[in-house]
Every structure is written in C-alpha cells, then in structure tokens.
Amino acid sequence: MARTCEICGRGPEFGSKVSHSGRHSRRVRRPNLQRVHAVLAGRRGRFRVCTRCIKAGKVAKA
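Now the structure itself:
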C-alpha cells in the first residue's frame with residue numbers, strides 16, 4: 001500500500017480545510033515517510049517508514 005508506514009501503519013488522514021469565513025474544502029494530511037535501509041522482522045531491505053517511528057527507535061538501520 002502506498003503512503004503508509006510499514007511499521008505502524010500510519011496513512012493519510014482526510015478532513016476539511018476551514019477558512020476564516022467558515023468555507024470548507026477537502027484536504028489530506030499525509031505522514032512524513034522516508035525510504036530507509038533497515039532490518040524488519042529478520043529481513044533487510046528498503047522500507048517506507050514515518051519519521052515518528054524513526055525518532056522512537058523502532059527502526060534498526062542497516
């Protein structure tokens with residue numbers, strides 16, 4: 001699946017952008033994903049991981 005973290009599963013969040021006058025338009029919040037060489041579940045490779053998981057130390061870089 002595209003645009004999701006391969007560790008925690010975080011993906012895009014959908015909502016509304018609300019202007020000062022109160023008008024609504026659709027918007028998307030996407031997680032900050034980085035391509036990282038890492039070891040996950042015993043296999044090495046390049047994974048799309050969010051920066052929240054990288055900061056938390058959930059990724060063992062290889």
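Quick note: the sequence shown uses this note's numbering, first residue 1, plus one each step.
Note that beta-carbon positions come from the ideal geometry of N, C-alpha and C, so glycine has one too.
Grouping DSSP H, G and I as helix and E and B as strand, with all else coil, what is residue i?
{"i": "Cys50", "result": "strand"}
{"i": "Ala56", "result": "helix"}
{"i": "Ala41", "result": "coil"}
{"i": "Arg23", "result": "coil"}
Output yes or no for whether 8 Å exceeds the beta carbon distance between residue i and residue j.
{"i": "Arg30", "j": "Gly15", "result": "no"}
{"i": "Glu13", "j": "Val49", "result": "no"}
{"i": "Arg3", "j": "Leu40", "result": "no"}
Based on Cα-Cα distance, which residue from the options lies nearest to residue i?
{"i": "Cys53", "options": "Arg43, Gly9, Gly45", "result": "Gly9"}
{"i": "Ala62", "options": "Ala38, Gly11, Phe47", "result": "Ala38"}
Using 8 Å as the limit for Cβ to Cβ distance, is residue i near chain D?
{"i": "Ile54", "result": "Given the protein chain composition of this structure (a single chain), no chain D is represented."}
Please report the distance separating the alpha-carbon of residue i from that of residue j.
{"i": "Gly42", "j": "Val18", "result": "45 Å"}
{"i": "Val36", "j": "Ser21", "result": "42 Å"}
{"i": "Ala56", "j": "Gly45", "result": "20 Å"}
{"i": "Ala60", "j": "Gly11", "result": "21 Å"}
Just list the residues that DSSP pairs residue i with in beta bridges.
{"i": "Glu13", "result": "Arg29"}
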